[in-house]
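Enquirer: Residue numbers (my numbering), protein chains in the order written: chain A, 752 to 1096; chain B, -5 to 272. All C-beta atoms in this analysis are idealised placements derived from N, C-alpha and C, irrespective of residue type, glycine included. Dropping the structure in here first, questions after.
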């Protein structure tokens, strides 16, 4: 199933939740909608599901108009952040719900329904919980049941709204891997919403980065990380250092200090320089584009994170390898291995 | 619980509050009721049986319990619809209507009785058109039914309201996206979730209607065997100094009420156990 969204606009009062969104999702894709809260990602998902309606724009599934149908006719599996399980029903009945409410003409007989529910519970590896009630399950189990319930109707599209948002970090990591392998197994066109960049980059085939109701960039996880299209994407994905610089006559300056960085045809004026924390090469004082004094060092994992006060007023955090210990008070030079400059203040 | 655990209770004041609870409930409820039972032992079983099986008593009990149950059922249905509108929709005057629901709680029942009677009397605003259709409300059992509906409605609304407010609209969206029609969503998802609260509301409205006296006696007409409620019969027997009769009717009302409330309680517990707390 392919999904096509054209020029979608949705306003809540004067607030534009979606401000002209175009998106094409290919068959069998696992797509992540990534953005901060208020970026419109959940609204987009709910409109695709038929739980919300746009003010203008088009949504089509396989070329046919989806907005002409309600949520019920769209055959879309939806997984909610807070599971939305029916708490008066057992796990088994929750999963069976979509099969039991089918019109009589197409409803399967009890034995078929039971077999199908059992298969789904096996698929989410929770067949042993069939007789429990949702309140007796852990968060991770509930979300897997919610997923099994959504899959029961053999959805054409699977939509997940912050599916792991309410779970603790460890469970979230497990479920991410599990979701990816599950998608590999069932291969349904899927879209999931998240504000967690790590989750988006790790699980999805393609990532859509959104901000303020607009799409900032669409690309593979590698693309959005390695070559961010806009300043927003660079700042949002990965840990970046952001410095206000000034470009004039092909020279980049931080304050009054020329940085000696190449500017590829960038217009003059106030600009922003982005460097990944780990892309700052530490050298002796006097070398490199920047110079500064180490304020504070914390060691964790494979890197040491140092707070450096640059000569020029800004204080930045860098991640340096641990082979050369930094100490508070050291004067160092810094050279960005890779950087991007975006016009605008 | 072991002695150590008891001493380490984190919430203090158990002894004091428990003691107060028990003595208060005893003074206010248990002792008067026990007195009633003791009084009833002064009459012999045959006498007791004769009082209860008399035609007038049986009819009064039938009117009281039968109409109270019917009124509670009507309140259950209408109350649920009112709750739904008040909780789920935003409309001008919503707060006003929400406040109006409480009026039967606060209004002196006699005032309600007089108001309903003049409204439904043959010349009243509602009584006249109904009379034209051949329906007599005031001074008939139908009038009792109307009064019982009036005083019972807030009990259903106020018990179900908080539970419906707590019910996550997402579960309706989930049901819809799974292919359930609106009707299926109501029957299979919403009503079962509300069942314990609905049963409680029903029980409270019923209990209130059984015990209602003030508003009913104005509108009922109080014809023996036809529109005479049991509480009124008790008052009549008392004014005739037939204390044994009054006591016997009171005891049987107490027993029936207790059994009903107990049964509904069990039913409610059963429904609640199917929905373990979140």
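Near residue 272(B), which residues of its chain fall below 8 Å by C-beta distance, leaving aside the five closest residues on each side in sequence?
Expert: Here the question's residue 272(B) lines up with position 278 in the second chain. Below a pLDDT of 50, predicted positions are generally treated as unreliable, and residue 272(B), at 43, falls in that range; no measurement from the model is reported.
Enquirer: Mapping DSSP to helix, strand and coil, what is residue -5(B)?
Expert: Numbered from its first residue, the second chain carries residue -5(B) at position 1. Low confidence applies to residue -5(B): its pLDDT is 45, below 50, so where it sits in the model is not reliable enough to give any reading.
Enquirer: Is there a Cβ of chain B sitting closer than 8 Å to that of residue 766(A), yes or no?
Expert: Taking the first residue of the first chain as position 1, residue 766(A) is located at position 15. Chain B contact via Cβ: absent.
Enquirer: Within the continuous beta strand (DSSP E) that includes residue 1066(A), where are the two ends?
Expert: To locate residue 1066(A), count along the first chain from 1; it is residue 315. Here the beta strand (DSSP E) through residue 1066(A) covers 1066 to 1072.
Enquirer: Taking 8 Å as the threshold (beta carbon to beta carbon), is residue 215(B) in contact with chain A?
Expert: Along the second chain, one-based indexing puts residue 215(B) at 221. With 8 Å as the cut-off, residue 215(B) does not count as an interface residue toward chain A.
Enquirer: Residue 167(B) versus chain A: which residues are under 9 Å apart at the beta carbon?
Expert: The residue given as residue 167(B) occupies position 173 in the second chain. Neighbours of residue 167(B) on chain A, chain order: 797, 800, 802, 822, 829, 831, 835.
Enquirer: Below 8 Å on C-beta distance, what does residue 852(A) contact in chain B?
Expert: What you label residue 852(A) is simply residue 101 of the first chain in a count that begins at 1. In chain order: 169, 172, 173, 174, 175, 178, 182.
Enquirer: Taking the alpha carbon of residue 164(B) as the reference point, which residue from 154(B), 179(B), 153(B), 151(B) has its own alpha carbon closest?
Expert: By 1-based counting over the second chain, the position of residue 164(B) is 170. Taking only the C-alpha atoms, the option nearest residue 164(B) is 179(B).
Enquirer: Using beta-carbon positions only, say whether residue 776(A) and residue 784(A) come within less than 8 Å of one another.
Expert: One-based indexing of the first chain puts residue 776(A) at position 25. One-based indexing of the first chain puts residue 784(A) at position 33. Contact: no.
Enquirer: If we cut at 8 Å on Cβ distances, does residue 186(B) have a partner in chain A?
Expert: Locating residue 186(B) in the second chain gives position 192, where the first residue counts as 1. Yes, residue 186(B) counts as interfacial toward chain A.
Enquirer: Would a check of beta-carbon distances place residue 162(B) closer than 8 Å to chain A?
Expert: Position 168 of the second chain, counted from the start, is the residue given in the question as residue 162(B). It does; some Cβ of chain A falls within 8 Å.
Enquirer: With DSSP run on the structure shown, which of helix, strand or coil describes residue 1099(A)?
Expert: Because chain A is modelled from 752 through 1096, residue 1099(A) falls outside the range shown and cannot be assessed.
Enquirer: So is residue 905(A) buried or exposed if we call it buried at 16+ other beta carbons inside 10 Å?
Expert: Here residue 905(A) refers to the residue found at position 154 when the first chain is read from its first residue. Looking at its Cβ environment, which holds fewer than 16 other Cβ atoms inside 10 Å, residue 905(A) is exposed.
Enquirer: Can you look up residue 1046(A) in the DSSP assignment and give me helix, strand or coil?
Expert: Position 295 of the first chain, counting from 1, holds the residue named residue 1046(A). Strand at residue 1046(A).
Enquirer: I'd like to know whether the C-beta atoms of residue 874(A) and residue 835(A) end up nearer to each other than 8 Å.
Expert: Taking the first chain and counting its residues from 1, the one referred to as residue 874(A) is at position 123. Taking the first chain and counting its residues from 1, the one referred to as residue 835(A) is at position 84. No, the pair does not count as a contact, with Cβ atoms beyond the cut-off.
Enquirer: In chain order, what residues of the stretch 897 to 929 of chain A put their CB closer than 9 Å to some CB of chain B?
Expert: Under the 9 Å Cβ criterion, the stretch 897 to 929 of chain A contributes 897, 900, 901, 903, 904, 906, 910.
Enquirer: Measure the alpha-carbon distance for residue 1012(A) versus residue 1001(A) and round it to whole angstroms.
Expert: Start at 1 with the first residue of the first chain, and residue 1012(A) comes out as number 261. Start at 1 with the first residue of the first chain, and residue 1001(A) comes out as number 250. Each residue's Cα considered, the two are about 9 Å apart.
Enquirer: Check residue 932(A) in the structure and name its three-state DSSP category.
Expert: Along the first chain, read from residue 1 onward, the residue named residue 932(A) stands at position 181. Helix at residue 932(A).
Enquirer: Out of 18(B), 26(B), 104(B), 70(B), which one is the CA nearest neighbour of residue 210(B)?
Expert: The count along the second chain starts at 1 and reaches residue 210(B) at position 216. The candidate whose alpha carbon is nearest that of residue 210(B) is 104(B).
Enquirer: Starting from the Cα of residue 1088(A), find the closest Cα among 1032(A), 863(A), 1063(A), 953(A) and give me that residue.
Expert: The residue labelled residue 1088(A) in the question sits at position 337 within the first chain. Cα-wise, what sits closest to residue 1088(A) is 1032(A).
Enquirer: Would the beta-carbon of residue 839(A) fall within 8 Å of that of residue 186(B)?
Expert: Counting from 1 along the first chain, the entry for residue 839(A) is found at position 88. Counting from 1 along the second chain, the entry for residue 186(B) is found at position 192. A contact, by the Cβ cut-off of 8 Å.
Enquirer: Hey, how far is the Cα of residue 75(B) from the Cα of residue 84(B)?
Expert: Taking the first residue of the second chain as position 1, residue 75(B) is located at position 81. Taking the first residue of the second chain as position 1, residue 84(B) is located at position 90. Taking the straight line joining both Cα atoms gives about 15 Å.
Enquirer: Since residue 909(A) sits in a beta bridge, which residues does DSSP pair it with?
Expert: Residue 909(A) sits at position 158 when you count from the first residue of the first chain. Paired residues: 828(A), 941(A).
Enquirer: Measuring only the C-alpha atoms, how far is residue 126(B) from residue 811(A)?
Expert: Stepping through the second chain from its first residue, residue 126(B) is reached at position 132. Stepping through the first chain from its first residue, residue 811(A) is reached at position 60. Their backbone Cα atoms lie some 59 Å apart in a straight line.
Enquirer: Consult DSSP for residue 839(A) and reduce its assignment to one of helix, strand or coil.
Expert: Position 88 of the first chain, counted from the first residue, corresponds to residue 839(A). Here residue 839(A) sits in coil by DSSP.
Enquirer: Report the residue from 159(B), 49(B), 203(B) whose alpha carbon sits nearest the alpha carbon of residue 63(B).
Expert: As a working mapping, residue 63(B) is identified with position 69 in the second chain. Among 159(B), 49(B), 203(B), the Cα nearest to that of residue 63(B) is on 203(B).
Enquirer: I want to see whether chain B comes within less than 8 Å of residue 849(A), judged by CB atoms only; does it?
Expert: By one-based count along the first chain, residue 849(A) stands at place 98. Yes, contact with chain B.
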